[in-house]
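One structure below.
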Amino acid sequence: MGKKPFIHPYIPNSVPEVQKKMLEEIGAKDIEELYEDIPPELRLKRDLNLPEPLLSELELKRHVEEILNKNISCGERVSFLGGGCGRHYVPAICDEITHRSEFLTAYAGEPYEDAGRFQVLFEYESLMAEILDFDVVNVPTFDWGQAASTSVRMAGRITGRKKVLVADTVSPDRLAIIKNYCHPVMSVALVGHQADTGLLDMGDLKAKLSPETAAVYFENPSYLGFIETQGEAISAVARAGGALSLAGVDPLSLGVLKPPSQYGVDIACGDIQGLGNHMYFGGTLGGFIATRDEERFVMEYPSRLFGIAGTSVEGEWGFGDVAYSRTSFDGREKGKEFVGTAAALHGIAAAVYLSLMGPQGLRDLGRHILQKARYAALKLSGLNGVKIRFRSVPFKEFVVDFSGTGKRVAEINERLLEAGLFGGIDLTKEFPELRGCALYSFTEMTAKSDVDKLTETLRSILG
Amino acid sequence: MDIGKNSTLRNFHQAKWDEEVIFELSNPGERGLVVPGVEAGIEEIAGDGISSIPEIMRRKEPPALPEISQMRVLKHFLRISQQNLGADLNVDIGQGTCTMKYSPKINEVLASSKKASDIHPCQDASTVQGALRIMYELDLFLREISGLDRFSLQPSSGSHAILAMASLVRKYHETRGEGDKRDEIITTIFSHPSDAAAAAVKGFKIVTIYYDETGLPDIQSLKKAVSDRTAALFITNPEDTGIYNPRIAEFTELIHRAGGLCGYDQANANGILGITRAKEAGFDMCFFNLHKTFSTPHGCGGPASGALGVTKALVDYLPVPIVEFDGKKYSLNWDLPQTIGKTRSFYGVFPAILKAYAWIMSLGGEGLKEVARVAVLNNNYLLKKITAIKGATSPFKAGKRRIEQVRYSWEELTKETGVDTHEFALRMADFGFHLWSSHHPFLVPQPFTVEPTESYSKEELDEYLDGLRHVAEEARRDPETVKSAPHRSVVHKIDESTFDDPAKWAITWRAYIKKHGPPARRRERRTTS
């Protein structure tokens, strides 16, 4: 007797009779014969040592849910964590659309039978363009870190220069990504900030800007949460030095904050996770890049750029790739950086999100977040020994300085956790000068009662 | 449409809604969603929020987003979705190299849990033990599947994993004092374009090996290319041709002898799971696309995940953090002495990681091997049948077996009928099929690439074959119908003339209006035509 056949619901042709029939048609005696090109010494001569299969969907569900149940979600507690992964409300229709089989399971068809993905991503670009006030936006890349890195490399190619100046209040994660992505083709130097405001140190910028500087990169709001008010001046200094001005921005802030194009920025970038995407442990990021519609910029994008056009039928919209010859799909190593699968589905969520929000929704959201953050700042700053670190106005996050309380952030967060609160990100390791500080995030998902509970719990922890 | 009596082809027509662009649906004042105001008691203390913004940074004009009520937004995107073919709906075997397989729905259900979607990456490790365990165990599974010693789940796609490999290669040689000298990465022309492109981002000079008469990378060219400047070899096996390179161990040995590293592009490993591994072939690194071989859905082009594995000697170079397990608790380890740093914020594409984990748990070792065996069976079945279609050939190694896919050619058909591979593919769309050509450059003339995976039944493969046969015959009988296709898809022949013209291209709606003026409403457009 042979081994019992392995019939799996995912593999229709695992049925032995079907296999036999197909082998006959092929003219092979068994499947093994089809592997004739693989030398015996390269063959794995044993079974893979993996867990026994959970063939029944029910068993699989039980198993995975049992593991997932070890997680405690933000909804089960109160979270003040942000720092590049935001807990924002995801409208029901975003989930409805991103779960559609037609979008979820499609990949790379032509703009005919896959017209839908071209149109929806063109609309994504177009909606983002309105909030950013730029005429060109790419199909999403992996995350903000990648978008910032590519913005820097684009600037390097456009200017023919090899150095980038980065505001030192940038997210450490993003800085690490940018540094790796630039090395060894471009080099990265940091520009300091004003100790009291966190804003970019203009003197330091001017001192460090040189004829080799390709670009100045800053974030607005910064990773540390405050609104950078010197955008216009930073861009002017960069421009005067022959460099480009690059800014990373939070798209959710753009209902109330000035868009980057209006303070002289040449290339804007950022993340779309907050636009209709759940957090997923930081797994649903998506990066955008935006510029003016100038050939010298457009031709340096590595990403897909979907454009709109007519068809052979009057009045019918068609879509397709703009300037495809730029890409590595067309030119391999001669293309601009590289392109491939990235984060399209998150772009679809963002398109739905922005369509639902409209101008009023985005403004109301910005206003809500500003008020929440300001309320929280006022409450927290009333606690003994607690200070809000920077004088500047925050958008949704700010740095809480616990160094005057005699307690370490890790210790405070442990006590908060016991009380059912996820305290802010400990900045002690990320920024040596911010020892004893934590980054707190407030969104429309943060209830007033959450802020009040945080305040009272901290009061009891700090004594 | 003349479908033969014995054909299994469908009398298909794709949904076509003639749907507007979203901006055309805007009516001032309509709302799609209402954002709640802050709770009572906040405004009194915190003010209106807006006026706290320094004047210079306040937005003056609201963004010109469309204003549309909720159901109309829903309808718009549902209609557009219907104008897209997903793998769930078609026999998606014509998208070769992409491993279009079934993405099980149960995995979507599992990933929809708030226990997965509503967790933040900076939560205390004690509150995300489930997520960390899934990452750790997926790492263990991939170690076993590849034979390598450690995986990073951080790279966000296959191309991104190539970038990470190139970063590791650079750091490795730098720490050995050879960073400047070893500035060449060797790849092959039938490996993915990103093997060249992403490596070039890291400043490497790319040396591309072409193929010999058997379609395999030419080992003599490799021997000539290898030198003390060789930093690494990045190669696929089997390549896009589906031919397994039996001398692969000689390739890796040549590189090692010259002091280089070997990176295995296993974006698509679907035909060799449990059959042969990166380790035995002598690779130092490999990566798997979780959205290909490991079933996580392709999402119209991502999210994706390129799990990167390395041998012991390279673990210290991986991006941080990696997940550790001490027998009781899972934790993040940020302390890798030679780390390249980060390639992505946080830890990786968690939904893809979770779905790949669930897929492997459903199949086990025996199931993974069955996946590979059936993928290869299906492919060789198609090979036999497609090469029997007049006008289709499978260049290289005639009559020999292939692994998981084949790059075919319509060159003979084109010569005979004038119908090229692109026109052929657009006619296939009339029957609900994709057919993809090839990466550039087109080395195989009039190429098309088919990869059936394990997910399709023999009947479905036969249906697709009927599609190929029908269009090939039609190209002879009625080439104009093929050349003017599609006829039953979403849109007709797109005017591509603007896409390379800076004065006319329109990457956004606002750019379109600036360059071409506001379009007439749909109804008016029609009455004027």
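These protein sequences, in sequence, are chains X and E. Just add 129 to the spot in the first sequence (first one is 1) and you have the working numbering. Just add 1090 to the spot in the second sequence (first one is 1) and you have the working numbering. Think of the CB as a built atom: it goes at the ideal place given N, C-alpha and C, for glycine as much as any other residue. In this text the structure is predicted, and so the values were computed from the model without any measurement.
Presumed contact (8 Å Cβ cut-off) between residue i and residue j, rounded CB distance
i                       : j                       : result
residue 573 of chain X  : residue 217 of chain X  : 7 Å
residue 400 of chain X  : residue 386 of chain X  : Between residue 386 of chain X and residue 400 of chain X the Cβ distance is about 15 Å, and since that is not below 8 Å, they are no contact.
residue 320 of chain X  : residue 294 of chain X  : 5 Å
residue 318 of chain X  : residue 292 of chain X  : 7 Å
residue 477 of chain X  : residue 571 of chain X  : No, residue 477 of chain X and residue 571 of chain X are not in contact; Cβ-Cβ is about 28 Å, not under 8 Å.
residue 1578 of chain E : residue 1102 of chain E : 6 Å
residue 434 of chain X  : residue 1597 of chain E : 5 Å
Straight-line Cα distance separating residue j from residue i
i                       : j                       : result
residue 1610 of chain E : residue 390 of chain X  : 29 Å
residue 1395 of chain E : residue 563 of chain X  : 34 Å
residue 1618 of chain E : residue 246 of chain X  : At residue 1618 of chain E, the pLDDT of 48 sits below 50, so the modelled position is not reliable; the number obtained from the coordinates is stated separately. Rounded to whole angstroms, residue 1618 of chain E to residue 246 of chain X spans 28 Å at the Cα level.
residue 149 of chain X  : residue 157 of chain X  : 9 Å
residue 1197 of chain E : residue 1544 of chain E : 18 Å
residue 134 of chain X  : residue 560 of chain X  : 59 Å
residue 1166 of chain E : residue 1588 of chain E : 26 Å
residue 130 of chain X  : residue 1292 of chain E : Because the pLDDT at residue 130 of chain X is just 43, under 50, the model does not fix this residue reliably, and the point stays unresolved.
residue 1575 of chain E : residue 441 of chain X  : 11 Å
residue 231 of chain X  : residue 169 of chain X  : 42 Å
residue 178 of chain X  : residue 1232 of chain E : 11 Å
residue 459 of chain X  : residue 393 of chain X  : 33 Å
residue 577 of chain X  : residue 184 of chain X  : 47 Å
residue 1455 of chain E : residue 181 of chain X  : 7 Å
residue 1593 of chain E : residue 1495 of chain E : 41 Å
residue 467 of chain X  : residue 1190 of chain E : 22 Å
residue 1546 of chain E : residue 1234 of chain E : 27 Å
residue 1461 of chain E : residue 1405 of chain E : 29 Å
residue 312 of chain X  : residue 475 of chain X  : 29 Å
residue 192 of chain X  : residue 250 of chain X  : 36 Å
residue 272 of chain X  : residue 159 of chain X  : 46 Å
residue 556 of chain X  : residue 209 of chain X  : 14 Å
Contacts that residue i makes with chain E (C-beta to C-beta distance below 7 Å)
i                      : result
residue 590 of chain X : Those within 7 Å of residue 590 of chain X in chain E number zero; the least Cβ separation is about 15 Å.
residue 325 of chain X : Those do not exist, as residue 325 of chain X stays about 15 Å from chain E at its closest Cβ, beyond 7 Å.
residue 154 of chain X : 1471, 1474
Closer than 8 Å at the beta carbon, the chain X residues around residue i
i                       : result
residue 1437 of chain E : 410, 411, 412
residue 1516 of chain E : 239, 241
residue 1160 of chain E : 222, 485
Chain E contact residues for residue i, given Cβ-Cβ distances below 9 Å
i                      : result
residue 192 of chain X : 1448, 1451
residue 225 of chain X : 1164, 1167, 1168
Amino acids of chain E, ordered along the chain, whose beta-carbon sits closer than 8 Å to that of residue i
i                      : result
residue 497 of chain X : 1125, 1126, 1127, 1128, 1139
residue 109 of chain X : Because residue 109 of chain X is not part of the residues shown, which for chain X are 130 to 592, the question remains open.
residue 196 of chain X : 1220, 1223, 1224
residue 203 of chain X : 1208, 1209, 1210, 1213
Under 7 Å by beta carbon: chain X residues contacting residue i
i                       : result
residue 1430 of chain E : 309
residue 1433 of chain E : 306, 309
residue 1422 of chain E : In chain order: nothing, as chain X lies at least about 11 Å away.
Neighbour flag for residue i against chain C, beta carbons, 8 Å
i                       : result
residue 1404 of chain E : Although the question refers to chain C, the structure presented lacks it and instead comprises the protein chains X and E.
Proximity test, residue i beta-carbon vs the ligand HEM heavy atom, cut-off 7 Å
i                      : result
residue 590 of chain X : This structure does not include the ligand HEM; it has no bound ligands of any sort.
Under 9 Å from the C-beta of residue i: neighbouring residues of chain X
i                       : result
residue 1530 of chain E : 458, 459, 460, 461
**OP:** Give, in chain order, every residue of the segment 1172-1194 of chain E whose Cβ lies closer than 7 Å to some Cβ of chain X.
**Re:** 1172, 1173, 1174, 1175, 1176, 1177, 1178, 1179, 1185, 1188, 1190, 1192, 1193, 1194
Original post:
For the segment 445-472 of chain X, which residues have a CB atom closer than 8 Å to at least one CB atom of chain E, in sequence order?
Top reply: 445, 446, 447, 448, 449, 450, 451, 452, 453, 454, 457, 458, 459, 460, 461, 462, 464, 466, 467, 468, 469, 470, 471, 472
Original post:
Three or more beta-carbon pairs under 8 Å between the segment 351-364 of chain X and the segment 522-537 of chain X, yes or no?
Top reply: yes
Subject >> Selection of the segment 1359-1392 of chain E by Cβ proximity to chain X, strictly under 7 Å >> reply: 1364, 1365, 1366, 1367, 1370, 1371, 1381, 1387, 1388, 1389, 1390, 1391, 1392
**OP:** Closer than 9 Å, Cβ to Cβ, to anything on chain E: give me those residues from the segment 254-268 of chain X, in chain order.
**Re:** 254, 255, 256, 257, 258, 259, 260, 261, 262, 263, 264, 265, 266, 267, 268
**OP:** Could you please tell me which residues of the segment 1568-1602 of chain E, in chain order, have their CB closer than 7 Å to any CB of chain X?
**Re:** 1576, 1579, 1580, 1581, 1582, 1583, 1584, 1585, 1586, 1588, 1589, 1590, 1592, 1595, 1596, 1597, 1598, 1599, 1600, 1601, 1602
Subject >> Three or more C-beta pairs below 8 Å linking the segment 1146-1157 of chain E and the segment 1098-1116 of chain E >> reply: yes
**OP:** Check each residue of the segment 171-191 of chain X: if its Cβ is closer than 8 Å to any Cβ of chain E, include it; give the result in chain order.
**Re:** 171, 172, 173, 176, 177, 178, 179, 180, 181, 182, 183, 184, 186, 189, 190
Original post:
Per the contact definition of three or more C-beta pairs closer than 8 Å, is the segment 1249-1256 of chain E in contact with the segment 1274-1293 of chain E?
Top reply: yes
**OP:** Evaluate contact between the segment 489-504 of chain X and the segment 427-441 of chain X, counting only Cβ atoms and requiring at least three cross-stretch pairs below 8 Å.
**Re:** no
Original post:
Can at least three beta-carbon pairs, one atom from the segment 1398-1405 of chain E and one from the segment 1202-1217 of chain E, be found at a separation below 8 Å?
Top reply: no
**OP:** Check whether the segment 1498-1511 of chain E touches the segment 1426-1443 of chain E, counting contact only when three or more Cβ pairs, one atom from each stretch, lie closer than 8 Å.
**Re:** no
**OP:** Could you tell me whether the segment 497-517 of chain X touches the segment 444-451 of chain X, where touching means 3 or more Cβ pairs closer than 8 Å?
**Re:** no
**OP:** Could you tell me whether the segment 1561-1578 of chain E touches the segment 1358-1369 of chain E, where touching means 3 or more Cβ pairs closer than 8 Å?
**Re:** no
Original post:
How do the segment 1381-1396 of chain E and the segment 1175-1191 of chain E stand: do at least 3 beta-carbon pairs fall below 8 Å, yes or no?
Top reply: yes
**OP:** Would you check if there are 3 or more beta carbon pairs closer than 8 Å linking the segment 1344-1351 of chain E to the segment 1468-1480 of chain E?
**Re:** no
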